[in-house]
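S.K.: Mind having a look at this structure? Questions to follow.
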Amino acid sequence: MNRRDLALIQSTRAALADGSAKRQRAQAGVRQVELAALLKVAQSTVSQWENGVRVPAADDALAYGRALAALARLAARAEVAADGRWLGGKRPFGWEPDPAPLGDDGEPLLDDDGLPVKGVLRLRQSEADALAGGLRAVLAGATLASISRDWNARGILTSQGNQWHPREVGRVLRRPRNAGLMEHQGRITGQAQWPAVVDEPTWRGAAAILGDPARRTTPGPASRHLLSWIARCGVRGCGGPVICTSSSRASGAGRRLVYRCREGARGHLSRDKAALDAMVEALVIGRMSRDDAGDLLVKPEDGDGLTALVREKVAVTEAMAADRRLHLAGVITEAEFVAGRRKYQADLEAVNTRITEAARADVLAPMIGDPAAAWEGMDLDQRRAVVSRLMTIRLMPAPKGRPAGWRPGEPYFSPRSVEIVWRDKPAGNSPV
Ligand SMILES: [Zn+2]
-6 MNRRDLALIQ STRAALADGS AKRQRAQAGV RQVELAALLK VAQSTVSQWE
44 NGVRVPAADD ALAYGRALAA LARLAARAEV AADGRWLGGK RPFGWEPDPA
94 PLGDDGEPLL DDDGLPVKGV LRLRQSEADA LAGGLRAVLA GATLASISRD
144 WNARGILTSQ GNQWHPREVG RVLRRPRNAG LMEHQGRITG QAQWPAVVDE
194 PTWRGAAAIL GDPARRTTPG PASRHLLSWI ARCGVRGCGG PVICTSSSRA
244 SGAGRRLVYR CREGARGHLS RDKAALDAMV EALVIGRMSR DDAGDLLVKP
294 EDGDGLTALV REKVAVTEAM AADRRLHLAG VITEAEFVAG RRKYQADLEA
344 VNTRITEAAR ADVLAPMIGD PAAAWEGMDL DQRRAVVSRL MTIRLMPAPK
394 GRPAGWRPGE PYFSPRSVEI VWRDKPAGNS PV
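Numbering (my numbering), first residue to last: -6 to 425.
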């Protein structure tokens, strides 16, 4: 046993004898029975130690002392969190610890010992500007990949000095601290003591889009195909997404890529990837080449509409929280609560869809003018966003019979077996 352990045994025994150990445990919000369970002794034993009736053995005193120290640290963290201060650890991108924080009155913030209060953050302006720009770009329809590329190109690094990865960008943009909100153990616990980089509606709107499953067209690490997870299976009752796989029928040089429904062992249906990609590309460029392509873009005044939508969403979530409090307080019944929640969830669903629609609009903007050249210059993420914005795609079971001249092993593709539905009905003749 080392000297530190011996010292801890001694101080713990002293703290138990004079009653201060019992007080510290209570202050940390831990009950005697809980501590007894932790130390694997009877509650009566802990009671006897704390009341000075029995002196714990060395091992027990050591265990009690360590548990008490750990509890005190947890209690201190909870207090810091409740206070809206930074808990420490990796420096959050966008902020830095303020070595000499000032209070609202402009006077230095000092702790009991007269030292500057720790855990107060101030903006690191270049990073805060990047965060604010990123959140607004998300609202305007930008992809995480494009924001990540932009930051890397401008030499903006993570707080650890690394290059950005789209997933990491998503993580920092989704954080409630961007709106000056405090998050502790996964829940928003209130207003933080640090300055926000954007107002709450902007952050909520962007976070709603980033958290929107409809936006996660790429569930895997990277989608390397234009239509995987976008095109859907048209078999009655299925409607599932398709993924891209190698065709199973042909072997060796005859193998080709197909989009396949994931349902069942072999999937409901599959369709030649190259042929379907080419068809969709031609449709997209054709649609965006029309004179009325500009009508597809959201009108400028809809930018204000987006802010209004985000406020609407905040109002719904606040009403939900209020209902939850009323239910907990016993003011409204379980049945009323459940009925209310169902309605709110429907409202949320609807407002989320409208936010996503409004925010998606701009992905089409680069396509106005010379759509073929714009398409050529886009990366896969952008192309996928354009396709999802413009149309829904369903692969229908192939018509019976094969076309004349078809030989086994050859790709077989009929545009008639693909159902395209444009999201915005173009005026006049449909290009399909
Ligand atoms: Zn299917």
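Glycine included, C-beta positions come from ideal geometry on N, C-alpha and C.
Which partner residues of T310 appear in the DSSP bridge assignment?
M.R.: As a working note, residue 310 is residue 317 in the sequence shown. BP columns for T310 are empty, so no partner.
S.K.: Please give the ranges of any beta strand (DSSP E) in the stretch 313 to 388, keeping only runs that are unbroken, at least 3 residues long and fully inside the region.
M.R.: Counting whole runs of 3 or more residues, the stretch 313 to 388 contains the beta strand (DSSP E) stretches 384 to 388.
S.K.: Look up V411 in the DSSP assignment and say whether it is helix, strand or coil.
M.R.: By 1-based counting over the sequence shown, the position of residue 411 is 418. Strand at V411.
S.K.: Report the rounded CA-to-CA distance for R377 versus I223, giving the unit in angstroms.
M.R.: Along the sequence shown, one-based indexing puts residue 377 at 384. Along the sequence shown, one-based indexing puts residue 223 at 230. Going by the C-alpha atoms only, they are around 8 Å apart.
S.K.: Can you say whether R335 is buried or exposed, counting buried as having 16 or more other CB atoms within 10 angstroms of its CB?
M.R.: Taking the first residue of the sequence shown as 1, we reach residue 335 at position 342. Burial check for R335: the Cβ neighbour count within 10 Å stays below 16, so the residue is exposed.
S.K.: Quick check: is any heavy atom of ligand 2 less than 8 Å from the C-beta of C226?
M.R.: Ligand 2 is not part of the structure shown, which contains ligand 1 as its ligands.
S.K.: For C237, which beta-bridge partners are listed by DSSP?
M.R.: For the purposes of this step, residue 237 is identified with residue 244 of the sequence shown, where counting begins at 1. Its beta-bridge partners are Y252.
S.K.: Note down the Cα distance separating A427 from V309, rounded to an integer number of angstroms.
M.R.: Lying outside -6 to 425, the shown extent of the chain, residue 427 is not represented and no answer is given.
S.K.: Tell me the DSSP secondary structure of D192 in three-state form.
M.R.: Locating residue 192 in the sequence shown gives position 199, where the first residue counts as 1. Residue state for D192 is assigned as coil, using DSSP reduced to three classes.
S.K.: Is there at least one non-hydrogen atom of ligand 1 closer than 8 Å to the beta-carbon of H467?
M.R.: Any property of residue 467 remains undetermined from this structure, which presents the chain solely from -6 to 425.
S.K.: Run the CB neighbour count on E120, radius 10 Å, all protein chains shown included, and call it buried at 16 or more, exposed below.
M.R.: Residue numbering aside, residue 120 sits at position 127 when the sequence shown is read from its first letter. When all chains shown are included, E120 counts as buried.
S.K.: In terms of residues, what are the limits of the beta strand (DSSP E) holding E89?
M.R.: Walking along the sequence shown from the start, residue 89 turns up at place 96. Counting along the chain, the beta strand (DSSP E) containing E89 begins and ends at 88 to 90.
S.K.: Is it a yes or a no for the stretch 89 to 108 touching the stretch 322 to 332, going by three-plus beta-carbon pairs under 8 Å?
M.R.: no
S.K.: Excluding the 5 residues flanking Q25 on each side, which residues of the same chain have their C-beta closer than 8 Å to its C-beta?
M.R.: Position 32 of the sequence shown, counting from 1, holds the residue named residue 25. The residues are R18, Q36, V39, S40, E43.
S.K.: Which residues bound the alpha helix (DSSP H) around S40?
M.R.: Within the sequence shown, numbered from 1, the residue matching residue 40 stands at position 47. That run of the alpha helix (DSSP H) goes 36 to 43.
S.K.: CA-CA distance, A366 and I386?
M.R.: Counting from 1 along the sequence shown, the entry for residue 366 is found at position 373. Counting from 1 along the sequence shown, the entry for residue 386 is found at position 393. So the alpha carbons of these two residues sit roughly 23 Å apart.
S.K.: With a threshold of 8 Å on Cβ separation, who are the neighbours of A312 within its own chain once the five nearest residues in sequence on each side are excluded?
M.R.: Numbered from 1 along the sequence shown, position 319 holds the residue referred to as residue 312. Within the same chain, A312 has close Cβ partners Y337.
S.K.: Quick one: what's P109 bridged to in DSSP?
M.R.: Taking the sequence shown and counting its residues from 1, the one referred to as residue 109 is at position 116. DSSP lists L103 as partners of P109.
S.K.: Going along the chain, which residues of its own chain have a beta-carbon closer than 7 Å to the beta-carbon of E161, five neighbours each way excluded?
M.R.: Position 168 of the sequence shown, counting from 1, holds the residue named residue 161. Around E161: T151.
S.K.: Considering Cα atoms alone, identify which of G148, V307, R416 is closest to V379.
M.R.: Here the question's residue 379 lines up with position 386 in the sequence shown. Of G148, V307, R416, the residue nearest in Cα terms is R416.
S.K.: Under the rule that 16 or more other beta-carbon atoms within 10 Å means buried, what is N422, buried or exposed?
M.R.: Here residue 422 is taken as the residue at index 429 of the sequence shown, counted from 1. With a pLDDT of only 40 at N422, under 50, the local geometry of the prediction cannot be trusted, and no value is derived from it.
S.K.: Within a Cβ cutoff of 6 Å, which residues of the same chain sit near D374, ignoring the five residues on either side of it in sequence?
M.R.: Counted from its first residue, the sequence shown places residue 374 at position 381. Correct list, in chain order: T136, A138.
S.K.: By alpha-carbon positions, which one of R304, F330, A301, L302 ends up nearest to A314?
M.R.: As a first step, residue 314 is located in the sequence shown; it is residue number 321 there, counting from the start. Closest by alpha carbon: F330.
S.K.: Figure out for me which residue from K306, R59, G99 has the closest Cα to the Cα of T195.
M.R.: Against the sequence shown, residue 195 aligns to sequence position 202. Minimum Cα distance to T195 is reached at K306.
S.K.: Which of helix, strand or coil does DSSP assign to M272?
M.R.: As a working note, residue 272 is residue 279 in the sequence shown. Shown here, M272 sits in a helix according to DSSP, grouped into three states.
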